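The next block holds one structure in the form of structure tokens; read it before the comments.
In full-length UniProt numbering, the protein residues as written are 1 to 192.
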């Protein structure tokens, strides 16, 4: 890239590097070299590596939220189909980055706020879908949607961190949702 890389170009390149290699593995030298700029130029735009990574996380969060809003606005389908689409989106999101990135994000205190905000966002959206499923009698009435969403997210995240392949994760999630479904819900899942 050119000497005068824009803030957006720096964020985009850094986001790709940290998604592929994890946060800890990426060095400011590597970012500058990738962009063909000096470290000084980077530090003129960002206070430090954490500031730059924070900007990347903000951008990633913004893109995720846009996809979820678009997904929730789509018409058609019942709430269980929407819940399956949303959980698939969550799982796709887990696989957009290397598992080292997820591990780094979870462990680094400076990024705890980003991590917590994202988890809360996903939890709220998945809970909302599960409650709609329960209201339509597609999930068993005793399902506590917030607790179910929390456990499902935790399990999917842990399975991702331990190297579970995407297809297995999809099947696992579908099986869990099927197990929580009413007969009517099971028929809809099986018809799919």
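Positions of the beta carbon are idealized from the N, C-alpha and C atoms, including for glycine.
Nothing here was measured: the structure is a model prediction, and the numbers come from that model.
Neighbourhood of residue i by C-beta, 7 Å cutoff - its chain only, sequence neighbours within 5 removed
i: residue 97; result: 19
i: residue 150; result: 123
i: residue 118; result: 61
i: residue 145; result: 127, 130, 131 and 134
Beta-carbon proximity of residue i to residue j, cut-off 9 Å
i: residue 89; j: residue 67; result: yes
i: residue 121; j: residue 61; result: yes
i: residue 169; j: residue 159; result: yes
i: residue 7; j: residue 27; result: no
i: residue 80; j: residue 179; result: no
i: residue 153; j: residue 123; result: yes
i: residue 125; j: residue 86; result: yes
i: residue 161; j: residue 173; result: no
i: residue 11; j: residue 59; result: yes
i: residue 115; j: residue 106; result: yes
i: residue 74; j: residue 21; result: no
6 Å Cβ shell around residue i - same chain, five flanking residues per side excluded
i: residue 5; result: 35 and 37
i: residue 95; result: 166
i: residue 17; result: 26
Buried versus exposed, by CB contacts within 10 Å (16 or more), residue i
i: residue 15; result: buried
i: residue 2; result: In this predicted model, residue 2 has a pLDDT of only 46, less than 50, meaning its place in the structure is not dependable; the value taken from the coordinates is given anyway. Burial call: exposed.
i: residue 163; result: exposed
i: residue 130; result: buried
i: residue 70; result: exposed
i: residue 181; result: buried
i: residue 104; result: buried
i: residue 142; result: exposed
i: residue 175; result: exposed
i: residue 47; result: exposed
Close-in-space but distant-in-sequence residues of the same chain around residue i (CB under 8 Å, 5 per side omitted)
i: residue 72; result: 82, 86 and 125
i: residue 189; result: 80, 84, 174, 177, 178 and 181
CB contact check: residue i to chain B, cutoff 9 Å
i: residue 166; result: As a matter of chain content, chain B is missing from the structure shown, which is built from one protein chain.
Hey, is the region 100-115 in contact with the region 29-49, meaning 3+ C-beta pairs nearer than 8 Å?
With a cut-off of 8 Å, the region 29-49 and the region 100-115 do not count as touching, because too few Cβ pairs lie within range.
Quick check on the DSSP output: what are the complete alpha helix (DSSP H) runs of length 4 or more inside the UniProt domain "HTH tetR-type" (4-64), in order along the chain?
Entirely contained in the UniProt domain "HTH tetR-type" (4-64), the alpha helix (DSSP H) runs reaching 4 residues are, in chain order, 7-21, 28-35 and 39-45.
Could you name each continuous beta strand (DSSP E) segment of 3 residues or more that falls completely within the region 68-119, going from the start of the chain to the end?
If we require 3 residues or more, the region 68-119 turns out to have no beta strand (DSSP E) run fully inside it.
The region 40-55 / the region 131-145 touching (three or more Cβ pairs under 8 Å):
Counting Cβ pairs under 8 Å, fewer than three are found: no touch.
Just list the alpha helix (DSSP H) runs in the region 136-187, keeping only unbroken ones of 4 residues or longer that don't cross its boundaries, in chain order.
As far as the region 136-187 is concerned, its whole alpha helix (DSSP H) runs of at least 4 residues are 145-161 and 166-180.
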